[in-house]
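Numbering (the working numbering), first residue to last: 608 to 988.
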Ligand SMILES: *Cc1c(COP(=O)(O)O)cnc(C)c1O
């Protein structure tokens with residue numbers, strides 16, 4: 608058996624083993640894991656320092672998961688946007704392909720809590736169906752492998768998928784979303800890196816939520832991927848009691864850049880059933896962006912997004928106070944130090960070319976520029 612498989616098999620999955628390690632009440636854990644499985648890899652277990660710390664909260668089952676009765680299993684309506692099994696096509700030019708339901712660790716706040724933990728990988732026939740769909744849909748230029756965690760596939764299955772995807776002429780990018788480098792760094796073997804290299808451009812977005820996750824072994828695993836030419840991004844979920852604090856988040860983004868990982872998305876937590884005890888206010892995320900933008904490297908600032916309930920997709924949120932006013936003369940801007948600046952618009956002749964900004968004072972005051980395509984714009988002039 609490969610070393611990483613042996614290490615994965617040493618993970619804590621049974622309540623009584625968790626009780627032995629962390630002194631929890633096994634019956635309380637038992638009540639949760641029947642519905643929502645647990646797995647804690649040795650790397651992650653070793654990172655837990657005390658009860659209820661930022662790592663503990665992400666992986667140790669909590670009774671609150673069972674008390675969240677009203678929320679929905681699939682608030683993003685991914686199941687409704689699936690033209691063939693395991694494929695989600697929500698945006699014009701890109702899709703998600705779920706290749707497994709297995710993960711190295713089961714995040715308690717998982718958006719796909721309804722699916723994860725079931726055994727098995729994408730079957731040959733299912734892959735064929737997905738490839739046939741993608742061949743037909745020439746508008747798709749970007750596929751993200753997701754799950755579950757694609758890097759838990761054995762090398763030969765991962766390679767089978769990458770090879771099949773590369774038979775699609777119009778497919779440009781392959782992305783892989785994974786929590787493996789941060790939780791099972793031993794999986795990032797030289798052999799895996801050699802496989803990935805053959806199918807570039809491959810991008811990876813790695814899941815990290817707290818600076819303590821960036822141990823030396825984890826950073827080394829990220830370095831191996833970066834050396835294999837894989838551009839690395841990070842996806843972070845804003846989580847109450849874990850990272851809902853500008854200082855923690857600043858440490859996280861700095862650690863990510865040190866690991867050669869560029870912060871990509873900061874997600875507002877979804878409305879998924881069993882995860883509502885992790886939710887924070889929208890202002891919490893805006894304050895974090897405000898604390899980063901201008902105060903530290905622009906490379907360190909992720910896009911803060913809300914994946915809109917009901918299947919609206921990711922919508923970016925910026926603190927509203929950077930653009931104080933916008934009209935045909937110019938923009939009134941506020942910088943990170945709260946100082947105000949004026950940027951003049953180009954004055955090229957007829958005002959007829961200009962959209963109807965300022966026609967609605969209430970809108971321009973809060974910095975929102977009406978979309979001329981939607982409200983008429985030129986036609987209204
Ligand atoms: C997030 C997501 C993508 C990729 O979105 P990007 O904004 O391009 O990173 C694609 N499909 C679905 C369904 C997604 O949720």
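Heads up, the beta-carbon is just placed ideally off N, CA and C, and yes, glycines get one too. All values reported here derive from a predicted model rather than from experimental measurement.
1. Quick check: what's the CA-CA separation for residue 813 versus residue 935?
2. Which of the three DSSP states, helix, strand or coil, is assigned to residue 926?
3. Beta carbon of residue 698: closer than 7 Å to some heavy atom of ligand 1?
4. Check whether the Cβ of residue 843 lies closer than 7 Å to any heavy atom of ligand 1, and answer yes or no.
5. If I'm right that residue 854 touches residue 802 with Cβ under 8 Å, what's the distance once you round it to whole angstroms?
6. Going by the C-beta, is residue 703 closer than 7 Å to any heavy atom of ligand 1?
7. Look at the alpha carbon of residue 734 and the alpha carbon of residue 871, and state the distance between them as a whole number of angstroms.
8. Leaving out the 5 sequence neighbours to the left and right, which residues in its chain are closer than 8 Å to residue 699 when beta-carbon positions are compared?
9. Can you give me the Cβ contacts of residue 966 inside the same chain, cut-off strictly under 6 Å, excluding the 5 residues immediately before and after it?
10. By a C-beta neighbour count over all protein chains shown, 10 Å radius and 16 as the cutoff for buried, is residue 648 buried or exposed?
11. Runs of 3 residues minimum, wholly inside the region 793-818: which ones carry the beta strand (DSSP E) assignment?
12. Tell me where the alpha helix (DSSP H) around residue 762 begins and ends.
13. Report the rounded CA-to-CA distance for residue 779 versus residue 837, giving the unit in angstroms.
14. Unbroken beta strand (DSSP E) runs of length 3 or more, entirely within the region 836-860: which are they?
15. Among 617, 818, 732, 771, which has the Cα closest to the Cα of residue 750?
16. Measure the alpha-carbon distance for residue 663 versus residue 830 and round it to whole angstroms.
17. If you check the beta carbons only, do residue 783 and residue 828 fall under 8 Å apart?
18. Say yes only if the C-beta of residue 921 is nearer than 7 Å to one or more non-hydrogen atoms of ligand 2, and no if none qualify.
19. Using only the alpha-carbon positions, how far apart do residue 887 and residue 608 sit?
20. Express the C-alpha separation of residue 667 and residue 556 in angstroms, rounding to a whole number.
21. At the level of alpha carbons, what is the spacing between residue 756 and residue 892?
22. Between residue 880 and residue 679, is the Cβ-Cβ spacing less than 8 Å?
23. Between residue 873 and residue 916, which are expected to be in contact by the criterion C-beta below 8 Å, what is the C-beta distance as a whole number of angstroms?
24. Can you have a look at residue 732 and say buried or exposed, based on whether 16 or more other CB atoms are within 10 angstroms of its CB?
25. Return helix, strand or coil for residue 746, following the three-state DSSP convention.
26. Residue 774: which of 695, 643, 748, 940 sits nearest, CA to CA?
27. Could you check what DSSP says for residue 702 in three-state terms: helix, strand or coil?
28. Comparing the CB of residue 747 with every heavy atom of ligand 1, is any distance shorter than 7 Å?
29. Are there any heavy atoms of ligand 1 lying less than 7 Å away from the beta-carbon of residue 718, as far as the coordinates show?
30. Starting from the Cα of residue 928, find the closest Cα among 920, 912, 919, 946 and give me that residue.
31. Following the continuous alpha helix (DSSP H) through residue 834, name the residue where it begins and the one where it ends.
32. Short check: CB of residue 753 to CB of residue 703, under 8 Å?
33. Suppose contacts are defined by Cβ-Cβ distances below 8 Å. Is residue 844 in contact with residue 866 by that definition?
34. Which residues bound the beta strand (DSSP E) around residue 914?
35. Going by CA-CA distance only, name the one from 950, 898, 882, 890 that's closest to residue 717.
36. If you drop the 5 nearest sequence neighbours on each side, which residues of the same chain put their C-beta closer than 7 Å to that of residue 651?
The short version:
1. Rounded to whole angstroms, the gap between the alpha carbons of residue 813 and residue 935 is 42 Å.
2. Residue state, collapsed to three classes: coil.
3. Residue 698 Cβ: within cutoff of ligand 1.
4. Checking every heavy atom of ligand 1 against the Cβ of residue 843, none is found closer than 7 Å.
5. With 8 Å as the limit, residue 854 and residue 802 do not qualify as a contact, their Cβ atoms being about 39 Å apart.
6. Checking the Cβ of residue 703 against ligand 1 gives yes.
7. Going from the Cα of residue 734 to the Cα of residue 871 covers about 28 Å.
8. Answer for residue 699: 746, listed in chain order.
9. Residue placement at residue 966 cannot be trusted, given a pLDDT of 43 that sits under 50; what the coordinates show is reported in the next sentence. Hits under 6 Å: none found.
10. With 16 or more other Cβ atoms within 10 Å, it is buried.
11. Scanning the region 793-818 from its first residue to its last, the whole beta strand (DSSP E) runs of 3-plus residues come out as 809-814.
12. Where residue 762 is concerned, the enclosing alpha helix (DSSP H) stretches over 762-772.
13. One C-alpha to the other measures close to 14 Å.
14. List check, beta strand (DSSP E) in window: 839-844.
15. The shortest C-alpha separation from residue 750 is found at 771.
16. Rounded to whole angstroms, residue 663 to residue 830 spans 26 Å at the Cα level.
17. Not in contact: residue 783 and residue 828 (Cβ atoms no closer than 8 Å).
18. In the structure on display, ligand 2 does not appear, and the ligands it does have are ligand 1.
19. Rounded to the nearest angstrom, the two C-alpha atoms are 42 Å apart.
20. This structure gives no information on residue 556, because the portion of the chain shown stretches from 608 to 988.
21. Roughly 26 Å separates the two Cα atoms.
22. In this structure, residue 880 lies near residue 679, with their beta-carbon atoms less than 8 Å apart.
23. Cβ atoms of residue 873 and residue 916 stay farther apart than 8 Å, at about 18 Å.
24. So residue 732 ends up on the exposed side.
25. DSSP places residue 746 in coil when its eight states are reduced to three.
26. Considering only 695, 643, 748, 940, the residue with the shortest C-alpha distance to residue 774 is 748.
27. Residue 702 carries a strand assignment under DSSP once its states are collapsed to helix, strand and coil.
28. Not under cutoff, so the answer is no.
29. Taking non-hydrogen atoms of ligand 1 into account, the C-beta of residue 718 is found less than 7 Å away from none of them.
30. The shortest Cα separation from residue 928 among 920, 912, 919, 946 belongs to 946.
31. Run containing residue 834: 823-834, per the alpha helix (DSSP H) assignment.
32. It is a contact, given that the beta carbons lie within the stated cut-off.
33. No, Cβ-Cβ distance for residue 844 and residue 866 is not below 8 Å.
34. Judged by DSSP secondary structure, residue 914 falls within the beta strand (DSSP E) whose first and last residues are 910-915.
35. Closest option to residue 717, Cα to Cα, is 882.
36. Cβ-Cβ distances below 7 Å link residue 651 to 662, 666, 712, 790 in the same chain, with the five nearest sequence neighbours on each side left out; the list follows chain order.
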